[in-house]
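A short worksheet on the structure shown next.
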Amino acid sequence: MTPLAALRTSVMVRVGEVVNRTFVLPLVIFHPTSRCNSRCVSCDWWKSSGSSDLTLEEIDRLAGELSRLGTKLVVFSGGEPLLRPEVFDAAALFRRRNIELHLLTSGVLLDRCVDDVARQFARVVISLDATTEADYQRIRGVNALTTVERGVAHLRRAAPGLPVSARATIHRLNFRALPHLVRHAHAMALDSISFLAADVSSMAFGRQRPADAETLALSRNEIAEFRAIVAEVIDLFAAEFTSGFIAESPEKLERLPQYYAALAGDGPFPPVACNAPWMSVVVEGDGAVRPCFFHDRIANIRNESLTDIVGERLTAFRAALDVSSNPVCERCVCSMRTGLRSGPWH
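Heads up, the sequence shown is in our numbering, so the first residue is 1200 and it goes up one at a time.
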């Protein structure tokens, strides 16, 4: 997208936010499948059979609607997108409409399909929650760190210009690894790494009930230790913050222990500024639509068109939403605020 087109899209989002209308829907998070071959402690997608996943015909209709809604970027998430056999056929349906694609993946299956990934996706984000095989298995439920590293190395050789970054979910089982994760991302020749806290409150990520907070949340002593680790990371990796290798600013990284302190009852949650429901939706593997990852489903594209969902149900949801006081927003771990010159489509 040209800078002028990106600016125009951002302006339309901001105007739509003011009047609560969707003039353009630039970003969609799409789950090609609800299945997953990891068993992460912070997610329940691995419990899904994928039997109700959208067909390619249904995905084609969705892609056509997104083109008419002005969608610029679709992020394949899940579930594990690469677990779907026809994932690249699905990707081609969006690419045919000149929609850019990004891939969020565990990386476990990356090594066997790097050429297809490089051909279909403009950016790849790998989940990286541990730096040793033992910790990886303890956190993500499979013995696959070496497999992920091999896949990333293969992708780097096959497509050296393709941006490949890491995302780490930080919680009780890995908060002490924070500096090691930065070094490991360097060792894997990744372009950047970002960090977020573990959501323990919502019904997102395939859950039938909220996550086990005892497993993921930090104790008060651990929170104090985590604050010290974050301070150490800010001191040790000043160059990585400046260059953007660590995607968050030091101030945003300090929000991680603040979030866990709030879970423990010690102070407020970090303030949230987010306009995700005004410029994006999440379409899950079975067609369910959410205003963002964490809010409840509002409709399903099998029952009504996404155009109608965005024009009516999403509008009604936003009309009743006060981000500053909503209990789901209050506990959000990855709020997204776009401005006139900032947004995933820029």
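Cβ coordinates follow ideal geometry from the N, Cα and C atoms, glycine included.
Here the structure is a predicted model, which means the values were calculated and not measured.
8 Å or more divides the Cβ of Phe1436 from the Cβ of Pro1456. In the structure shown, the three-state DSSP call for Gly1263 is helix.
Residue state for Asn1420 is assigned as helix, using DSSP reduced to three classes.
Its chain contains Ala1329, Leu1344 as the residues whose beta carbon lies nearer than 6 Å to that of Tyr1335, once the 5 sequence neighbours on both sides are disregarded; these appear in chain order. Annotation: the region 1360-1398 contains the following complete segments of the beta strand (DSSP E) (minimum length 3 residues), in chain order: 1363-1369, 1392-1396.
The residue from Leu1272, Gly1443, Gly1464, Pro1469 with its alpha-carbon nearest to that of Phe1320 is Leu1272. In the structure shown, the three-state DSSP call for Ser1541 is strand.
Pairing Ser1233 with Ser1326, the inter-Cα distance amounts to about 17 Å.
Restricted to the region 1457-1537, the alpha helix (DSSP H) segments that are unbroken, complete and at least 4 residues in length are 1475-1478, 1513-1518, 1526-1529, listed in chain order. Three or more Cβ pairs drawn from the region 1397-1407 and the region 1484-1498 lie within less than 8 Å of each other, which places the two stretches in contact. Under the three-state reduction of DSSP output, Glu1279 falls in the coil class, being neither helix nor strand.
For the pair Arg1337 and Leu1372, the CB atoms are nearer than the 8 Å cut-off. Distance between Leu1354 and Pro1469, taken at the CA atoms: about 36 Å. In this structure Leu1268 is in contact with Leu1224, their Cβ atoms being roughly 4 Å apart against a cut-off of 8 Å. In the three-state DSSP reduction, Leu1300 falls in the strand class (E or B).
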